[in-house]
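K.L.:
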Amino acid sequence: MICIRKSKISDLERLMQMETKLYNFQATKDDRFKRIETISKSAVEDEIKNLDLYFVISDEHYVFGFIKCIEKEIKETELVNKRKIIQVLDLFIEEEYRNKGNGKKLIQILESISREKGFDCIEIPVYCFNENTNRFYTANGYEDYVVRKFKKLN
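In this text, residue positions in the sequence shown follow our numbering: the first is 3, and each later residue adds one.
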């Protein structure tokens, strides 16, 4: 049985392993990212304690994924409307658990919570090199909104 719940300190080591995998994947695709031995224990611990929207997904015995998000409020200006958004910082599912609907379950929980809390939208920054993730979000109804261009000077 699949379980989605708020992360807790007892998940710390497992979350550190998964976040390290995520950042090292990014480092293999883009040289602006550094390869790391392991993610900072204190950084992950702080996120567990301070992020209200940090969830893990597991089967009976094994945490195999997570989603972590922050809440943001865009202030009204003469150019933009006020709005409350959820921004996904990271979503990760272990390779052997992908393409089984697990990422979709995390997104659906997040969407449900976001609606209940009165948020206007969910925003998800995704690197262009991460083609599988881009396809995943598109398949789940997310559209491109902002594309940032980059030019390496040195």
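Every residue, glycine too, gets a C-beta built ideally from N, C-alpha and C.
(1) What are the partner residues of residue 89, as DSSP defines its beta bridges?
(2) Thinking C-alpha only, which one of 9, 154, 123, 109 is nearest residue 46?
(3) Cβ atoms of residue 50 and residue 21: under 8 Å apart, would you say?
(4) In the DSSP assignment, the beta strand (DSSP E) including residue 7 goes from what residue to what residue?
(5) What are the start and end residues of the beta strand (DSSP E) that includes residue 58?
(6) May I ask you to report which of helix, strand or coil DSSP gives residue 94?
(7) At the level of alpha carbons, what is the spacing between residue 105 and residue 59?
(8) Assuming residue 90 and residue 126 form a contact by the criterion Cβ under 8 Å, report the distance between their Cβ atoms to the nearest whole angstrom.
P.N.:
From the atom records:
(1) Along the sequence shown, read from residue 1 onward, the residue named residue 89 stands at position 87. Residue 89 pairs with 72, 125.
(2) By 1-based counting over the sequence shown, the position of residue 46 is 44. The shortest Cα separation from residue 46 among 9, 154, 123, 109 belongs to 9.
(3) Position 19 of the sequence shown, counted from the first residue, corresponds to residue 21. Position 48 of the sequence shown, counted from the first residue, corresponds to residue 50. Result no, Cβ atoms of residue 21 and residue 50 do not sit closer than 8 Å.
(4) Looking up residue 7 in the sequence shown gives position 5. Note, residue 7: beta strand (DSSP E), 5–8.
(5) Against the sequence shown, residue 58 aligns to sequence position 56. First-last of the beta strand (DSSP E) with residue 58: 55–60.
(6) Translated into positions along the sequence shown, residue 94 becomes position 92. Residue state, collapsed to three classes: strand.
(7) Walking along the sequence shown from the start, residue 105 turns up at place 103. Walking along the sequence shown from the start, residue 59 turns up at place 57. In a straight line, the C-alpha of residue 105 is about 9 Å away from that of residue 59.
(8) Counted from its first residue, the sequence shown places residue 90 at position 88. Counted from its first residue, the sequence shown places residue 126 at position 124. Between residue 126 and residue 90 the Cβ distance is about 4 Å, and since that is below 8 Å, they are a contact.
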